[in-house]
Amino acid sequence: MTEETSISGRRQRKLEQAKKVKSKKTYWVQIRMFPIWLRILLIIALFFGAAVAGLMVGYGVIGSGTAKDALKWETYQHILDIKNGK
């Protein structure tokens, strides 16, 4: 088998494949498992959860308070009072 015949054979196969693809009309349909609105809600919930966990770790583990105190309004009121000089 010479190089010329193998190249023409490859071209012939490619042309046949291209004809098959053109004859079939395939449409690409993407089906999402989770709708976009659910993904957005999930991201917001994960962000909120990470913020709460960060507050609790920062206040309870790194700081000197208990972790549950990071979620109380009185804690932030005290911080605002110190900041404002009251």
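The sequence shown runs 4 to 89 under the numbering used here. Ideal Cβ placement from N, Cα and C applies to all residues, glycine included. Just so you know, these numbers come straight off a predicted model, no measurement behind them.
Local Cβ density within 10 Å of residue i, reported as buried at 16 or more and exposed below that
i: Tyr79; result: exposed
i: Ala56; result: exposed
i: Met73; result: In the sequence as presented, Met is not what sits at residue 73; that position holds Ala. Ala73 comes out buried.
i: Tyr62; result: buried
Cβ neighbours of residue i in the same chain (closer than 8 Å, five flanking residues each side left out)
i: Val60; result: Ala70
i: Trp31; result: none
Segment limits, alpha helix (DSSP H) that includes residue i
i: Gly88; result: Neither: Gly88 is in no alpha helix (DSSP H) and is coded neither H nor E.
i: Ile65; result: Neither: Ile65 is in no alpha helix (DSSP H) and is coded neither H nor E.
i: Leu58; result: Ile39 to Met59
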